[in-house]
Amino acid sequence: MTWIEEEIRRNQRRIDRILENPDPTKLKANKILYELERDLRIAQLESWRSGKPPLANSDHLPQLVRGLGCTGLDLFGAADRTVLATDYFDILRANSFPDDACDRTVVIIALCISGNFPPPNFVLSTSFACPMECISPKAIAEYFKVPIFHIDTTLETGEEALKYVADQVGELIEFAQAKVPGIRYDEEKLLEAMEMDRLAHDCAKEIHQLRKQVPCPLSGQDAFRLPRPPSIYPDAGKAVEYWRVYTEEVKERAEKGYGVLADEKLRFLWVVTGPFYFNPFDLLAKRGVAVPALQFGVMSRWYGAEYGFIGDKTEYGRELTPLEEQARFLNGNTWAGLGSRWVDSTLNMAKDLKCDGIVYFLQLGCSASGGVARIVVERAEKELGIPTLLLEGRQLDPSYKSQKECEAELDAFINLCLNRKGAG
Amino acid sequence: MENELRNLCSLGNEANRANFAKRWKEDDKKVVGILCSYVPEEIIHASGMLPWRIFGTWRASTPLAEEWRRPHMCLYCNHVLESLLSGELDFLDAVIATDWDQELVRLWDVWKYIDKTPYTFIIDVPIVNSENAIRYFAKQVELLCQSVEKMVRHRVSEEALYHSITVYERTRSLIRHLYELRKAEIPSLSGTELLGITTSALLMPKEEFNRQLEALLPYIEQRKAKLNKNSPRLLVSSDRLDNPEYLKVVEESGCLVAMDDMDTGSRHFWCHVDTANISPRSTREELITCLARRYLMQPASPRMMDWQEQIWQVAEWVREFNIQGVVELPQGYSRYREFRTHFFKHSLEAEGIRMMSFRREYHLAHTAQLKTRVGAFIEILEAR
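Here the protein sequences come in this chain order: A and B.
Numbers in this note's numbering are just positions in the first sequence, counted from 1, shifted up by 379.
Numbers in this note's numbering are just positions in the second sequence, counted from 1, shifted up by 310.
Below, the structure written as structure tokens:
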């Protein structure tokens with residue numbers, strides 16, 4: 380059985396478990412989420428088997444992928460869900476690819492080579508978040524000899540940069556229609572996808588306000604989940620529904636003053652990513668540490684903490700065209716560009732959420748975050764008066780750092796923060 | 311003349327590399343550190359400052375840098391940061407980086423944060439070379455020019471820019487001539503010596519370099535390089551390789567490095583500015599667009615997305631320079647190249663070109679392993 384088939388079964392098992400034995404401490408919206416995830420894999424599998432509609436990687440431009448009439452492949456999202464990637468690292472080594480770059484970006488290559496996940500029929504490569512997210516899809520395109528289009532994103536934002544990238548999005552559409560059988564651009568579909576994502580974006584903004592509340596209505600595990608825009612899923616309308624139900628539940632908890640932790644002693648901002656092979660939030664919860672948010676590349680925009688995405692007129696002082704909206708998204712990742720964008724965004728988030736400490740996961744091979752980690756440490760201490768734990772590790776490889784070692788570091792950091800807060 | 315040649319070859323060595331820059335400063339003139347081969351140096355030259363390529367320390371350990379960056383990050387950046395933090399780059403008046411890769415951007419971020427150099431600037435270089443990208447890059451070059459003008463507090467005139475372009479073109483022509491001489495069965499210069507000259511060119515005032523090389527050319531043209539073996543003829547492909555000792559290790563394994571594909575060598579000097587389209591009366595926009603095109607269209611490094619064209623370029627060099635095999639020396643954690651290796655190997659093999667890859671450190675290390683690997687590769691080539 381391929382990984383994608385296993386993933387369908389895994390999500391079905393989760394749904395069955397919820398139906399058979401619902402856990403009142405978990406969000407009810409989770410059931411919808413698992414159904415969405417299951418249906419996404421089914422759609423990908425069907426496209427893989429039948430060749431229709433064409434498959435295109437959708438991590439960076441999910442709305443446009445819908446507008447092109449393709450089935451989206453969430454390459455990095457799939458890699459995250461492999462949880463343990465030992466076999467995939469072997470495949471990388473055997474094929475002369477580096478095994479020590481950021482896990483989620485390299486594992487996708489092995490996932491496709493192994494036959495466990497469909498390779499795209501058309502690859503969109505963009506320097507959206509980091510060079511690795513640009514070159515690993517490129518490596519896949521070259522390996523499977525499929526058409527690829529590169530979009531060059533910019534170091535800084537502004538009208539000039541917006542135009543440059545929007546022009547490239549236009550070129551991409553022309554290229555895809557000319558080179559990939561079965562691709563036909565339909566602006567109506569793009570607009571529809573944008574509208575779905577906008578609705579979810581509005582929910583995300585509301586959730587961001589709610590999670591500031593003490594005690595925190597969100598569990599660390601929920602906060603850690605990367606938000607997926609509705610346009611990723613085959614049934615985008617159902618995905619909007621998921622966001623609405625999710626928001627309502629969080630709102631209800633907040634209104635009742637319900638906190639996930641019985642006694643919230645501290646709150647940490649979890650930054651970058653984390654180990655996927657165990658759940659670090661159990662230990663944190665046990666020690667009374669709430670984690671209201673995961674800070675990552677598009678977090679501040681997706682949750683509207685800074686500028687928003689779709690339809691936000693404040694950033695450019697005007698409404699953007701659909702292609703400019705795609706360009707705004709591509710240029711809006713705080714991991715890309717100058718380090719100050721990422722550092723400022725991280726500190727603003729920690730301040731906004733009234734965090735007592737930052738857990739900064741130093742993912743092996745992540746140049747975006749690793750290269751400015753010490754600046755975050757120094758500025759967080761100086762400007763916010765809070766400490767930062769630099770927790771080095773790998774997302775998908777426990778041989779680099781075991782659960783025990785991670786937990787020991789977290790435990791010591793909690794003690795330090797409790798002492799500083801005078802609650803030790 | 312042999313002594314002069316040896317001297318020119320050794321100016322890039324760690325002990326010598328700042329000599330010209332420090333002498334330049336004695337006349338109360340400024341030195342601008344350059345972190346990438348995509349920075350159009352002519353702009354800085356035209357402003358009256360010295361563009362000086364930054365190399366890192368060749369020491370093995372980088373304890374000061376590792377306070378800021380992890381050891382498993384780009385080694386060039388770590389070694390440069392070590393030099394900066396140990397005070398070796400205190401004489402710089404400015405530093406200019408690009409987004410060659412994110413590691414370089416992050417090095418620049420730290421550089422700016424620790425505030426040891428009076429002036430910092432970073433230029434956005436596209437990863438594609440479409441007409442749209444060239445237009446965008448030209449605007450970035452204009453921003454660089456404006457930034458440089460602020461620093462020197464005077465306008466960079468069109469005449470000065472045109473003059474600088476001609477000076478740099480002369481350097482390129484001279485170095486291209488040296489590459490032509492490598493086509494001979496017994497070339498004038500070994501690969502080690504040529505890398506010594508090209509790295510010196512990145513550090514010296516161009517007028518001085520041109521003068522020295524022009525004086526040496528007649529001698530070099532009749533010279534025969536002293537080599538253990540003249541074959542097989544290899545092409546070495548790498549980025550930020552500034553230590554000629556690496557090529558010495560390769561050549562001592564029993565071969566000749568007859569060509570390179572490096573940003574400290576051929577790639578940096580290969581492509582000319584299209585001077586047919588400019589003159590001393592050209593506008594600033596015309597001159598800058600011409601420069602932008604030249605820098606974006608130079609034989610590409612793996613950070614550019616035209617990998618197939620990079621293969622064609624290497625294959626062309628292989629034919630032109632009668633190369634029998636390609637040795638790739640990716641510097642550790644240089645991700646663009648590492649991700650390209652699979653494609654590079656298979657594409658070259660499809661062209662009938664044998665290739666080996668050996669991940670290297672920035673400083674000279676693992677030489678015995680490298681010798682063994684190259685030795686085994688040579689045996690394979692000779693058995694064909």
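From the three backbone atoms N, C-alpha and C, an ideal C-beta is built for every residue, glycine too.
Remember, it's a predicted structure, so these values are computed and weren't measured experimentally.
Provide the residue(s) that pair with residue i in DSSP beta bridges, ordered along the chain.
| i | result |
| --- | --- |
| VAL567(B) | LEU544(B) |
| SER504(A) | HIS529(A) |
| SER667(B) | GLU638(B) |
| LEU343(B) | For clarity, residue 343(B) is Gly in the given sequence; the question names Leu instead. TRP362(B) and VAL405(B), per the DSSP bridge assignment. |
| GLU771(A) | LEU741(A) |
| ALA672(A) | LEU648(A) |
| MET572(B) | SER548(B) |
| THR450(A) | LEU434(A) |
| THR465(A) | Answer is none; THR465(A) lacks a bridge partner. |
| THR430(B) | VAL405(B) |
| GLN736(A) | First, the residue type needs correcting, since residue 736(A) is Gly and not Gln in the sequence shown. Looking at the DSSP assignment, GLY736(A) forms a beta bridge with PHE647(A). |
Rounded to the nearest angstrom, how far is the Cβ of residue i from that of residue j, given a contact under 8 angstroms?
| i | j | result |
| --- | --- | --- |
| GLY446(A) | LYS568(A) | 5 angstroms |
| THR367(B) | SER393(B) | 5 angstroms |
| GLU638(B) | PHE654(B) | 7 angstroms |
| TYR446(B) | MET311(B) | Not a contact, Cβ separation roughly 46 angstroms. |
| ASP735(A) | ILE754(A) | Not a contact, Cβ separation roughly 20 angstroms. |
| LYS584(A) | TYR682(A) | 6 angstroms |
| GLN423(A) | LEU434(A) | 7 angstroms |
| LEU453(B) | GLY501(B) | In fact, because the Cβ distance is near 37 angstroms, the residues do not count as touching under 8 angstroms. |
| LEU589(A) | LYS630(A) | 6 angstroms |
Around the Cβ of residue i, are there at least 16 other Cβ atoms within 10 angstroms (buried) or fewer (exposed)?
| i | result |
| --- | --- |
| THR404(A) | exposed |
| ASN705(B) | The first residue shown for chain B is 311 and the last is 694, placing residue 705(B) beyond what the model contains. |
| MET514(B) | buried |
| ARG629(B) | exposed |
| TRP622(B) | exposed |
| HIS464(B) | exposed |
| TYR467(A) | buried |
| VAL451(B) | buried |
| GLY745(B) | In this structure chain B extends from 311 to 694, so residue 745(B) is not present and cannot be described. |
| TYR386(B) | buried |
| ASP642(A) | exposed |
| ALA375(B) | buried |
| LYS800(A) | exposed |
| ALA487(B) | Checking the sequence, you will find His at residue 487(B) rather than Ala. HIS487(B) is exposed by the Cβ-count criterion. |
Pull up the distance between the alpha-carbon of residue i and that of residue j, whole angstroms please.
| i | j | result |
| --- | --- | --- |
| ARG613(B) | ALA747(A) | 16 angstroms |
| SER440(B) | GLN547(A) | 10 angstroms |
| ASP531(A) | PHE688(A) | 19 angstroms |
| PHE401(B) | LYS340(B) | 9 angstroms |
| ASP418(A) | GLY456(A) | 15 angstroms |
| SER719(A) | VAL546(B) | 37 angstroms |
| ILE492(A) | ALA555(A) | 23 angstroms |
| GLU553(A) | THR465(A) | 40 angstroms |
| LEU601(B) | SER320(B) | 30 angstroms |
| VAL650(A) | SER644(B) | 25 angstroms |
| ASN326(B) | ILE690(B) | 39 angstroms |
| GLY564(B) | GLY685(B) | 7 angstroms |
| ARG603(B) | ILE444(B) | 6 angstroms |
| SER457(B) | GLU521(A) | 39 angstroms |
| LYS692(A) | ARG680(A) | 13 angstroms |
| THR677(B) | ASP573(B) | 22 angstroms |
| LEU471(A) | GLN412(B) | 22 angstroms |
| GLU425(A) | GLN742(A) | 34 angstroms |
| GLN627(A) | PRO596(A) | For the sequence presented, residue 627(A) should be read as Glu rather than Gln. Distance between the alpha carbons of GLU627(A) and PRO596(A): 12 angstroms. |
| VAL559(A) | THR476(B) | 45 angstroms |
Does the Cβ of residue i lie closer than 7 angstroms to at least one heavy atom of the ligand ATP?
| i | result |
| --- | --- |
| ALA633(A) | The ligand ATP is not part of the structure shown, which contains no ligands of any sort. |
Contact list for the segment 442-468 of chain B against chain A, Cβ threshold 7 angstroms: Here the close residues are ASN442, ALA443, TYR446 and LYS449.
Where the segment 645-679 of chain B meets chain A: residues whose CB sits under 8 angstroms from a CB there: Answer set for the segment 645-679 of chain B: ARG645, TYR646, GLU648, PHE649, ARG650, THR651, HIS652, PHE653, LYS655 and SER667.
Residues from the segment 751-784 of chain A in contact with chain B, defined by Cβ distance under 7 angstroms: Residues VAL751, ARG753 and ILE754.
Cβ-based contacts, 7 angstroms cut-off: residues of the segment 606-634 of chain B near chain A: Hits within the stretch, in order: MET615 and TRP617.
Residues, ordered as in the chain, of the segment 373-398 of chain B that lie near chain A by beta-carbon distance below 9 angstroms: Only those residues of the segment 373-398 of chain B whose C-beta falls short of 9 angstroms from the nearest C-beta of chain A are listed: GLU377, TRP378, ARG379, ARG380, HIS382, MET383, CYS384 and CYS387.
Residues, ordered as in the chain, of the segment 583-601 of chain B that lie near chain A by beta-carbon distance below 7 angstroms: Going along the segment 583-601 of chain B in chain order, one finds no residue with a Cβ nearer than 7 angstroms to chain A.
Selection of the segment 470-482 of chain A by Cβ proximity to chain B, strictly under 8 angstroms: If the cut-off is 8 angstroms between Cβ atoms, the segment 470-482 of chain A has ASN474, SER475, PHE476, PRO477, ASP479 and ALA480 near chain B.
Near-chain B residues of the segment 573-588 of chain A - C-beta to any C-beta below 7 angstroms: Listed in sequence order: no entries.
Contact list for the segment 496-522 of chain A against chain B, Cβ threshold 9 angstroms: Under the 9 angstroms Cβ criterion, the segment 496-522 of chain A contributes SER504, SER506, CYS509, PRO510, MET511, CYS513, ILE514, SER515, LYS517, ALA518, GLU521 and TYR522.
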